[in-house]
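**Q**
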Amino acid sequence: MRILLVTPAASGSRVGNRVTALRMSGLLRGLGHEVKLRTSFDEIGSDLMIALHAGKSSKAIQHAAQHNPPIPSALVLTGTDIYREGMPPDPEIERALALATRLVILQPNAVKQLPEQYHSKTELLLQSATPRAAVGAPDPDRFQVCVLAHLRPVKDPLLTARAARLLPATSRIHVRLIGQALDEDSRREAEQEARENPRFEWLGPRSYGESQNLLANSRLLVLSSLAEGGPAVVTEAFAYGVPVLATRIPATEGLMGADHPGLYPVNDEKALAELLRRAEEDPAFLEELHQRSLQKQASTRPEREAQDLERLIQSLTKGRSETSPT
Numbered sequence: 022m023r024i025l026l027v028t029p030a031a032s033g034s035r036v037g038n039r040v041t042a043l044r045m046s047g048l049l050r051g052l053g054h055e056v057k058l059r060t061s062f063d064e065i066g067s068d069l070m071i072a073l074h075a076g077k078s079s080k081a082i083q084h085a086a087q088h089n090p091p092i093p094s095a096l097v098l099t100g101t102d103i104y105r106e107g108m109p110p111d112p113e114i115e116r117a118l119a120l121a122t123r124l125v126i127l128q129p130n131a132v133k134q135l136p137e138q139y140h141s142k143t144e145l146l147l148q149s150a151t152p153r154a155a156v157g158a159p160d161p162d163r164f165q166v167c168v169l170a171h172l173r174p175v176k177d178p179l180l181t182a183r184a185a186r187l188l189p190a191t192s193r194i195h196v197r198l199i200g201q202a203l204d205e206d207s208r209r210e211a212e213q214e215a216r217e218n219p220r221f222e223w224l225g226p227r228s229y230g231e232s233q234n235l236l237a238n239s240r241l242l243v244l245s246s247l248a249e250g251g252p253a254v255v256t257e258a259f260a261y262g263v264p265v266l267a268t269r270i271p272a273t274e275g276l277m278g279a280d281h282p283g284l285y286p287v288n289d290e291k292a293l294a295e296l297l298r299r300a301e302e303d304p305a306f307l308e309e310l311h312q313r314s315l316q317k318q319a320s321t322r323p324e325r326e327a328q329d330l331e332r333l334i335q336s337l338t339k340g341r342s343e344t345s346p347t
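Our numbering numbers the first residue of the sequence shown as 22 and each following residue consecutively.
1. Quick one: which unbroken alpha helix (DSSP H) runs of 4-plus residues sit fully inside the region 242 to 298? Chain order, please.
2. Ignore the nearest five residues each way along the sequence and tell me which others in residue 181's own chain have a CB closer than 7 Å to its CB.
3. Hey, how far is the Cα of residue 143 from the Cα of residue 318?
4. Pull up the distance between the alpha-carbon of residue 251 and that of residue 295, whole angstroms please.
5. When the Cα of residue 221 is compared with those of 227, 259 and 164, which residue comes out closest?
6. Is it buried or exposed for residue 303, if we count other Cβ within 10 angstroms and need 16 for buried?
7. According to DSSP, simplified to helix, strand and coil, what is residue 306?
8. For residue 131, verify whether its CB is less than 6 Å away from any heavy atom of the ligand ZN.
9. For residue 80, report the span of its alpha helix (DSSP H) as first-last.
10. Return the CA-CA distance between residue 316 and residue 325, expressed in angstroms with no decimal places.
11. Can the beta-carbon of residue 260 be found less than 7 Å from the beta-carbon of residue 321?
12. Would you tell me roughly how many angstroms separate the C-alpha atoms of residue 307 and residue 262, rounded to the nearest one?
13. In this structure, what does DSSP give as the bridge partners for residue 70?
14. For residue 202, which of helix, strand or coil comes out of DSSP?
15. May I have the straight-line CA-CA distance separating residue 173 from residue 140, to the nearest angstrom?
16. Tell me residue 132's beta-bridge partners as DSSP assigns them.
17. Near residue 342, which residues of its chain fall below 7 Å by C-beta distance, leaving aside the five closest residues on each side in sequence?
18. I'd like the list of long-range same chain contacts for residue 40, defined as Cβ closer than 8 Å, with 5 residues on each side in sequence excluded.
19. Can you check DSSP and say which residues form a bridge with residue 195?
20. Would you mind sorting residue 151 into buried or exposed? The rule is 16 or more other CB atoms within 10 Å of its CB.
21. Given residue 99, which residues of its chain have a CB within under 6 Å of its CB, disregarding the five upstream and five downstream residues?
22. My output table needs one value for residue 99: the three-state DSSP class, helix, strand or coil.
23. Would you mind stating whether residue 128 and residue 330 have Cβ atoms separated by less than 7 Å?
24. Three Cβ pairs or more, each shorter than 8 Å: is that satisfied between the region 22 to 30 and the region 46 to 55?
25. In terms of DSSP beta bridges, what is residue 221 paired with?
26. Are the beta-carbon atoms of residue 237 and residue 155 separated by less than 7 Å?
27. Which value, in whole angstroms, describes the spacing of the CA atoms of residue 240 and residue 264?
28. Measuring straight from C-alpha to C-alpha, what distance separates residue 158 and residue 42?
29. Which residues bound the beta strand (DSSP E) around residue 124?
30. Pick helix, strand or coil for residue 56, following the three-state DSSP scheme.
31. Drop a sphere of 10 angstroms on the beta-carbon of residue 177, count the other beta-carbons inside from all chains shown, and report buried for 16 or more, exposed for fewer.
32. Buried or exposed for residue 102, going by 16 or more other Cβ atoms inside 10 Å?
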């Protein structure tokens with residue numbers, strides 16, 4: 022099968038959409054498919070299309086639907102596609118949702134946010150991760166906590182650093198953040214926090230391998246986002262068996278379970294500080310978080326995601342005759 026994979030993130034980008042597209046393209050090629058990775062629509066020789074991000078790939082979805090004959094398309098939904106409370110309606114997103122042959126969600130709770138008329142064409146695709154051998158070893162004099170997030174308001178990336186300020190003077194917790202500053206205000210804020218907070222270090226943008234090495238060598242991962250579509254970093258933590266603390270949002274409840282003991286309210290640095298303290302001081306609590314990650318490892322295997330992608334492709338080709346421009 023000749024597959025066009027569209028992502029708005031250009032080559033060399035470290036944003037999540039690009040990482041997801043690269044992982045998917047590798048899995049699809051492993052299944053024997055031909056894959057063209059593009060940032061916009063290119064119908065030449067394509068049997069079907071998979072596009073990431075409804076808002077930014079809306080034009081590609083429209084072109085596929087209006088092609089003669091129509092090209093079946095699967096639209097992978099991101100957090101900003103799904104969780105839009107307080108945001109104005111986006112006609113491009115609405116158009117993409119209506120025209121896509123299949124909608125793909127990355128965690129089970131996402132379907133609750135979609136209009137009911139789209140539920141029948143929505144499929145769940147859990148992301149996978151391949152753990153790498155860690156380089157070096159954790160610092161025995163520190164309780165290292167990592168945050169992997171670009172500096173965007175929706176990620177609330179400095180919450181963990183602020184929470185670390187509230188810990189007892191005896192705490193050995195050290196927070197390390199990998200992520201790119203997407204504007205000057207974010208850069209200045211992160212640099213100031215790093216200067217003033219001895220428990221925090223901002224490493225800036227790093228390669229995927231470097232971020233994975235930091236994760237593998239950390240005692241905890243913290244996800245502090247206000248909204249997510251299906252955070253790949255949580256899946257990566259599961260793959261490494263790294264304990265996770267995360268904001269209680271639909272995406273984390275969907276991936277981790279609503280009863281996960283490491284969930285805390287959005288924007289609540291005091292609640293996060295208390296969980297950090299417990300993880301450092303209470304071995305039983307840290308082990309419970311560790312076991313939760315280990316229990317999820319089977320779901321992170323690439324062969325499982327590859328099987329799900331193959332089922333998605335079969336559903337697209339089966340529905341080819343049903344696809345028509347709207």
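Beta carbons: idealized from backbone N, C-alpha and C, even for Gly.
**A** So, from the listed chains and residues:
1. 253 to 261 and 271 to 277
2. Taking the first residue of the sequence shown as 1, we reach residue 181 at position 160. The residues are 166, 168, 196, 243, 245 and 293.
3. As a working mapping, residue 143 is identified with position 122 in the sequence shown. As a working mapping, residue 318 is identified with position 297 in the sequence shown. Computed Cα separation, rounded: 25 Å.
4. In the sequence shown, the residue the question calls residue 251 occupies position 230. In the sequence shown, the residue the question calls residue 295 occupies position 274. One C-alpha to the other measures close to 25 Å.
5. Looking up residue 221 in the sequence shown gives position 200. When each option's Cα is compared against that of residue 221, the closest is 164.
6. Position 282 of the sequence shown, counted from the start, is the residue given in the question as residue 303. The residue in question, residue 303, is exposed, as its Cβ has fewer than 16 Cβ neighbours within 10 Å.
7. Mapped onto the sequence shown, residue 306 falls at position 285. The answer is helix: DSSP assigns residue 306 an H, G or I state.
8. With respect to the ligand ZN, the structure shown offers nothing to examine, as it has no ligands at all.
9. If you number the sequence shown from 1, residue 80 lands on position 59. Element bounds for residue 80: 79 to 87.
10. For the purposes of this step, residue 316 is identified with residue 295 of the sequence shown, where counting begins at 1. For the purposes of this step, residue 325 is identified with residue 304 of the sequence shown, where counting begins at 1. C-alpha separation (whole angstroms): 15 Å.
11. Numbered from 1 along the sequence shown, position 239 holds the residue referred to as residue 260. Numbered from 1 along the sequence shown, position 300 holds the residue referred to as residue 321. In this structure, residue 321 lies closer than 7 Å to residue 260 by Cβ.
12. By one-based count along the sequence shown, residue 307 stands at place 286. By one-based count along the sequence shown, residue 262 stands at place 241. Rounded to whole angstroms, residue 307 to residue 262 spans 12 Å at the Cα level.
13. Along the sequence shown, one-based indexing puts residue 70 at 49. DSSP output for residue 70 lists 25 and 94 as bridge partner(s).
14. Translated into positions along the sequence shown, residue 202 becomes position 181. Strand, per DSSP.
15. As a first step, residue 173 must be located in the sequence shown, where it is residue number 152. As a first step, residue 140 must be located in the sequence shown, where it is residue number 119. If I take the Cα positions, the gap works out to 30 Å.
16. Here the question's residue 132 lines up with position 111 in the sequence shown. None, per the DSSP bridge assignment.
17. As a first step, residue 342 must be located in the sequence shown, where it is residue number 321. With a pLDDT of 43 at residue 342, under the threshold of 50, the modelled position of that residue is not reliable, and no figure is offered here.
18. Position 19 of the sequence shown, counting from 1, holds the residue named residue 40. Cβ neighbours of residue 40 beyond the five flanking positions: 229 and 253.
19. Mapped onto the sequence shown, residue 195 falls at position 174. DSSP output for residue 195 lists 165 as bridge partner(s).
20. The residue given as residue 151 occupies position 130 in the sequence shown. Exposed, by the Cβ-count rule.
21. Start at 1 with the first residue of the sequence shown, and residue 99 comes out as number 78. These residues qualify, in order along the chain: 74 and 250.
22. Taking the sequence shown and counting its residues from 1, one reaches residue 99 at position 78. Residue state, collapsed to three classes: coil.
23. Here residue 128 refers to the residue found at position 107 of the sequence shown. Here residue 330 refers to the residue found at position 309 of the sequence shown. Going by C-beta atoms, residue 128 is not nearer than 7 Å to residue 330.
24. yes
25. Residue mapping note: residue 221 aligns to position 200 of the sequence shown, counting from 1. 196.
26. Sequence index remark: in the sequence shown, residue 237 carries index 216 (1-based). Sequence index remark: in the sequence shown, residue 155 carries index 134 (1-based). Yes. Within cutoff.
27. Position 219 of the sequence shown, counted from the first residue, corresponds to residue 240. Position 243 of the sequence shown, counted from the first residue, corresponds to residue 264. Answer to the nearest angstrom: the Cα atoms are 7 Å apart.
28. In the sequence shown, counting from the first residue as 1, residue 158 sits at position 137. In the sequence shown, counting from the first residue as 1, residue 42 sits at position 21. Distance between the alpha carbons of residue 158 and residue 42 is about 30 Å.
29. On the sequence shown, residue 124 is found 103 positions in, with the first residue counted as 1. Unbroken beta strand (DSSP E) run through residue 124: 123 to 126.
30. Position 35 of the sequence shown, counted from the start, is the residue given in the question as residue 56. Reduced to three states, the DSSP call for residue 56 is strand.
31. To locate residue 177, count along the sequence shown from 1; it is residue 156. Per the 10 Å Cβ criterion, buried.
32. Residue mapping note: residue 102 aligns to position 81 of the sequence shown, counting from 1. By the 10 Å Cβ count, residue 102 comes out buried.
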